[in-house]
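Engineer: Taking the UniProt record's numbering, the leading residue of the sequence shown gets 1, the next gets one more, and so forth. All residues carry an ideal CB built from backbone N, CA and C; glycine is no exception. I'd like to ask you about the structure that follows.
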Amino acid sequence: MTTLDKSATSYNVGDLKDNTMYRFKVSSLDGGKVETKGVETSVKTLLDPKKIPPSPVSSLVAEPTDKTVKLIWKKPSDDDLAGFKILENGRKIAEIGLEEEFTVKNLEPLTEYNFGVVAVDKDKNDSSPVNLSVKTLEEKDDVPPHVPSNVFAKPSNGALIASWDKVSDKDLAGYNVYLDGKKINSNLISSTNFSIKNLENNRKYKVQVQAVDRSGNASELSSPVFGTPDMNTIPLVESKYNLQDVSDGVGNQFWQIWPFLAWYLGIPLSFYVIYKFKQVYLP
């Protein structure tokens, strides 16, 4: 409370708290220093500029992979912006400068996450967070299959017959064959042998094999082997059947004739068993 000269028309009240409501009264005194009823008013002080938070970020989007999520946003226009906080499921995981993107790593595939971005000014005031939920993708297979082993290049007249051991990877899609460093098959080879035709006799060729899985990962090329086509060897005989086809065919034929073999052998055998039984147990 203070008393002013009668000519005064204003007064500054200091040492007030910011962002706080105050009630003031202005009254006059007559010659006998009797106070009039006066006028009352309520005023709220402004927020301290150093406590004003920055505006939030905008246009937050996410680009997920199987194990990462890249967050991209647009920064606010505040002059005193200092950087950003990155939240994962409400917990701060990083604090960066004025970059407008951040990649969260070491995540689990096919998992839902909630991420947030908070703008921070030079007085360490935080904006309200901008959040989004995103699900990581299915795990990507980036492991190549094993390298084919025991590769051979058997010579034939104007050709080489390449063969190799089957690769044990469960997701194997097939094989590529390379001749002198160049892939020669247009489609993946499903078997473990391949005829390389139209070659020059008495010329030495380098053969290598590569395994490929269903995700498109390719192994290293096998150790090179060398073969030389020879006109004096057995000529290459074309067949639409491979060894597996022959094996399956023999098995099917056996099961078709098995009932007849069982009947043909079973009748004589039963008589022989009865005959021996009588000799041993009957007088």
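Within 10 angstroms of the Cβ of Val26, are there 16 or more other Cβ atoms? Answer buried if so, exposed if not.
Structural biologist: With fewer than 16 other Cβ atoms within 10 Å, it is exposed.
Engineer: Count the other C-beta atoms from every protein chain shown that fall within 10 angstroms of the C-beta of Lys75, then say buried if there are 16 or more, exposed otherwise.
Structural biologist: By the neighbour-count rule (16 or more Cβ atoms within 10 Å), Lys75 is buried.
Engineer: Beta strand (DSSP E) containing Ser195: first to last residue?
Structural biologist: Its beta strand (DSSP E) spans residues Asn193 to Ile196.
Engineer: Should Val118 go down as buried or exposed, given a rule of 16 or more other Cβ atoms within 10 Å for buried?
Structural biologist: Flag for Val118 reads buried.
Engineer: Quick check on Lys17: does DSSP put it in helix, strand or coil?
Structural biologist: Coil at Lys17, not helix or strand.
Engineer: Does the distance from the CB of Gln208 to the CB of Ser195 come in under 8 Å?
Structural biologist: Contact: no.
Engineer: Is Lys140 helix, strand or coil when you go by DSSP?
Structural biologist: In the structure shown, Lys140 sits in coil (DSSP, three-state: anything other than H, G, I, E or B).
Engineer: What's the C-alpha gap between Lys50 and Ser58?
Structural biologist: Approximately 23 Å between the Cα atoms of the pair.
Engineer: Express the C-alpha separation of Lys204 and Asp141 in angstroms, rounding to a whole number.
Structural biologist: Rounded to whole angstroms, Asp141 to Lys204 spans 38 Å at the Cα level.
Engineer: Quick check on the burial criterion: 16 or more other C-beta atoms within 10 angstroms. Buried or exposed for Ser215?
Structural biologist: With fewer than 16 Cβ atoms within 10 Å of its Cβ, Ser215 is classed as exposed.
Engineer: In its own chain, which residues sit with a C-beta less than 8 Å from the C-beta of His146, not counting the 5 before and 5 after it?
Structural biologist: Contacts found: Val167, Ser168, Asp169, Ala211 and Ser219.
Engineer: Looking only at its chain, what residues have a beta carbon closer than 7 Å to the beta carbon of Phe102, apart from the 5 residues adjacent to it on each side?
Structural biologist: Correct list, in chain order: Leu71, Ile86, Ala94 and Ile96.
Engineer: Which term fits Val151, buried or exposed, when burial requires 16 or more other beta carbons within 10 angstroms of its beta carbon?
Structural biologist: Its Cβ being crowded by 16 or more others within 10 Å, Val151 is buried.
Engineer: Let me know if Thr36 comes out buried or exposed under the rule of 16 or more other beta-carbons within 10 Å of its beta-carbon.
Structural biologist: It counts as exposed.
Engineer: Does the Cβ of Gly116 have 16 or more other Cβ atoms within 10 Å, making it buried, or fewer, making it exposed?
Structural biologist: By the neighbour-count rule (16 or more Cβ atoms within 10 Å), Gly116 is buried.
Engineer: Just to check my reading of the structure: Asp123 and Leu81 have Cβ atoms closer than 8 Å, yes? What is that Cβ distance to the nearest angstrom?
Structural biologist: With a Cβ gap of about 11 Å, Asp123 and Leu81 do not count as contacting.
Engineer: Considering only residues of the same chain and omitting the five flanking positions on each side of Glu63, which have a CB-CB separation below 6 Å?
Structural biologist: Lys70, listed in sequence order.
Engineer: Thr66 and Leu137 look like a contact to me (Cβ under 8 Å); what is the Cβ gap, rounded to whole Å?
Structural biologist: Sequence inspection shows Asp at residue 66; the Thr mentioned does not correspond to that position. Confirmed, about 5 Å.
Engineer: Comparing alpha-carbon positions, which option in Leu60, Ser77 and Ala153 lies nearest Leu179?
Structural biologist: Among Leu60, Ser77 and Ala153, the Cα nearest to that of Leu179 belongs to Ala153.
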